[in-house]
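Undergrad: Next up is a structure, given as structure tokens.
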């Protein structure tokens, strides 16, 4: 088993944190994770791409070659960062497991439709907790209980009820 996850967006959205949490959850359950982020020097607002690879065997190459799941959380797409990571495949041809989300409205791609739009998000335009919930459903090899344990460790300042609500919203998207 090998799952390759690619997340793109802008600095400040928590994309690097999402990658770190996914890698920790995978390691906790005995899998082999690799988490690598490419970003511009801008602290907030610059382009970022997180490459997360999870396998049941030791990894030889730790970067996403062809993504199984791609989440694009900003517009415009940071093409100069993204295309080298996915071997030049066109943005519109990323496949059925691509989610594009701008603000709180997922786009009309195969995994997510506008009628299943997320409502009631707080603070962040598209909360990283929602993203983590969606990824867990798309990549069930990351066990929900392991992921939830790591999430609780990383989101101590957010109320447990709100954390759970946003995580479940992401799971319900898929």
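Residue numbers (our numbering): 40 to 213. Built from N, CA and C at the ideal position, the CB exists for glycine as well.
1. Cβ atoms of residue 206 and residue 177: under 9 Å apart, would you say?
2. With a cut-off of 8 Å on the beta carbons, I'd call residue 76 and residue 62 a contact; round off their distance for me.
3. For residue 110, does the three-state DSSP call read helix, strand or coil?
4. Closer than 7 Å by C-beta to residue 57: which residues in its own chain qualify, once you throw out the five before and the five after it? Chain order, please.
5. Under a three-way DSSP split, which group does residue 43 fall into?
6. Tell me where the alpha helix (DSSP H) around residue 199 begins and ends.
7. Which two residues bound the contiguous beta strand (DSSP E) that contains residue 166?
8. Out of 184, 87 and 212, state which residue places its alpha-carbon closest to the alpha-carbon of residue 48.
9. What residue range does the alpha helix (DSSP H) around residue 59 cover?
10. Which of the three DSSP states, helix, strand or coil, is assigned to residue 91?
11. Please classify residue 99 as buried or exposed, where buried requires at least 16 neighbouring CB atoms within 10 angstroms.
TA: Short version:
1. no
2. That belief does not hold up - the Cβ atoms of residue 76 and residue 62 are roughly 11 Å apart, past 8 Å.
3. strand
4. 46, 89, 167, 170 and 171
5. strand
6. 199-212
7. Where residue 166 is concerned, there is no enclosing beta strand (DSSP E), given that its DSSP letter is neither H nor E.
8. 87
9. 54-67
10. strand
11. exposed
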